[in-house]
Structure formats: C-alpha cells, structure tokens
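Residues 454 to 646 (my numbering) are what the sequence shown spells out, left to right. Note that beta-carbon positions come from the ideal geometry of N, C-alpha and C, so glycine has one too.
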Amino acid sequence: MTQTVLHIDTSARRSASTSRDLSAQIVERLAPGRVLRRDLADPLPLIDERWIAANFTPEAQRDEGQRAEMALSDDLVQELKAADTLVIGLPIYNFSVPATLKAWIDLVARAGITFRYTEAGPEGLLTGKRAILAVTSGGTPVGSEIDFATGYLRHVLGFIGITDVQIVAADRMNVDPDAALKAADAALAQVAA
Ligand SMILES: Cc1cc2nc3c(=O)[nH]c(=O)nc-3n(C[C@H](O)[C@H](O)[C@H](O)COP(=O)(O)O)c2cc1C
C-alpha cells in the first residue's frame, strides 16, 4: 500500500539516539510513498493565553493576529490529517513523554477539528490511521506502573481517533541493552508494511 507516514522524533539527542534509530527503521520498513517529517529536537512553542483565546474563537471570527497565532497548529493538524501512519520516536523522560512532544499534543488536540464532544462523550475525528511508537528507556519497564509515557500517549492518540497503536520498545537500555535491542528487533519484525 502506498502510504503517507508522519515521522516524528522527540529525543533531544540528535545522534546516538536509540529511539531515532528505531523510528527510522520502522519508516524504512513501511516503505511509504511520502514521508512528512517533524524533528521535535527543534522544540515547538508552548501554548499560551493568546493561543488559547484564538483557539476558542470560531475560525470565521478570528482576526489576523489570531489566524497567525493558529498557523503552526493548523500546519501540524494538516500533517496529521494527511498521514496514514504516524511513527513516533519516544524516549521516556522522567517517567513521561518529552516536553516537546507534550507541546505537540497541546497544539494538535483541537475541539471540533481533531476531536469533538458528543452527548455520548468525546469522539476522536482522526479515524482510519495507525501509530507505531519507538519507545526507549534507561530503566523504566514499558507498560509498568511507573511508565506514564506509553499509556498516556496511547490515550491521547485514541482521544483524537487513532486507536491502532503498536509499540516497538527498547526499554531498560541501561540495564540490559542487548536484550532491549533484541526485543525491539523482534517487535520491529511484527510491523506490517
Ligand atoms: C532528561 C532525561 C530523562 C530521562 N528519564 C528517564 C526515566 O524516567 N526513565 C527511564 O527509564 N529512562 C530515562 N531516561 C533515559 C532515556 O529514556 C534513555 O536513555 C533512552 O534510551 C533515550 O532515548 P534516545 O536514545 O532515543 O535518546 C532519561 C533520559 C533523559 C535525557
């Protein structure tokens, strides 16, 4: 299948990064027709009061300044909408996701655009996509009760409609790197193009 992949890396390490190695291998395996790239080592701005005011102003009523305020968020949402598959390099930082990824989440979780509220509760609007997470950690076991990264990201992606989430993990790299990389290789082999 010719697909568009949105490839996001979040490790602050631009080289010698295991999550970057893994996310690149995943993208290669998917052999996409088109790759959209976001390297969040170039950090995104945090949302602020002006951004929130612009976001809650209906699009047709936004003034020029508010449209400019939303431009980056609009671009990030467009990339997300264009992607069939998201590949996210995700090192665990202080038991959670890197702050730069949280900044991305705050910019793409938009009521009426990527999710909406219904009488039955919130509904994700970005359906029909999948996500593959290349997760790394030093000592935190992925899926353990102190891993607040993968469960959180899985929830957020589900909240915007992406419920097909696969994890390729090289966790506990500081404990047993050989075992970690072997497990990641095995998980990688399960990724279907
Ligand atoms: C700022 C920072 C915070 C970290 N916090 C954790 C943590 O809470 N748990 C853990 O297991 N590893 C932690 N680590 C280790 C990284 O998750 C580990 O080195 C991982 O391989 C980094 O991925 P990368 O090689 O793609 O940069 C932390 C590393 C950094 C730089």
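Cutoff 6 Å; reference residue i; Cβ partners in own chain excluding five residues on either side
i, result
"Arg467", "Ala494"
"Ile545", "Ser590, Thr593, Ala602"
"Leu499", "Ala556"
"Pro575", "Phe568"
"Leu459", "Leu489, Glu532, Ala536, Leu539"
Which of helix, strand or coil DSSP assigns to residue i
i, result
"Gly611", "helix"
"Pro630", "helix"
"Ile461", "strand"
"Leu554", "helix"
"Leu560", "helix"
"Gly565", "coil"
"Leu499", "coil"
"Ala646", "coil"
"Ile599", "coil"
"Gly604", "helix"
"Ser526", "helix"
"Asp638", "helix"
Identified DSSP bridge partners for residue i
i, result
"Ala521", "DSSP output for Ala521 lists no bridge partner at all."
"Val621", "Ala587"
"Tyr570", "Pro575"
"Thr538", "Val458, Arg583"
Nonlocal neighbours in the same chain, by C-beta distance under 7 Å from residue i, ignoring five residues either side
i, result
"Leu606", "Leu543, Val550, Leu586"
"Thr553", "Thr463, Leu493, Pro496, Leu497"
"Gln478", "Leu641"
"Gly486", "Thr455, Gln456, Thr457"
"Ser597", "none"
Unbroken alpha helix (DSSP H) run spanning residue i, endpoints
i, result
"Ile545", "Segment: none, Ile545 is in no alpha helix (DSSP H) and carries neither H nor E."
"Leu489", "Element bounds for Leu489: not the alpha helix (DSSP H) but the beta strand (DSSP E), 487-492."
"Thr510", "Looking at the DSSP string, Thr510 is not in any alpha helix (DSSP H), and its letter there is neither H nor E."
"Ile479", "471-483"
Contacts around residue i, its chain only, beta-carbon distance under 8 Å, and the 5 residues preceding and following it disregarded
i, result
"Leu610", "Leu539, Ala584, Thr616, Val618"
"Ile566", "Val530, Leu578"
"Asn627", "Gly591, Gly592"
"Val561", "Ser526, Leu529, Val530, Leu533, Thr567, Ile613"
"Arg625", "Ser590, Gly591, Gly592, Thr593, Pro594, Ala632, Ala633"
"Arg482", "Leu641, Val644, Ala646"
"Phe548", "Thr593, Ile599, Asp600, Phe601, Ala602"
Is there contact between the region 508-523 and the region 616-626, where contact requires at least three CB pairs shorter than 8 Å?
-> no
Evaluate contact between the region 628-641 and the region 469-483, counting only Cβ atoms and requiring at least three cross-stretch pairs below 8 Å.
-> The region 628-641, when compared against the region 469-483, does touch it at the 8 Å Cβ threshold.
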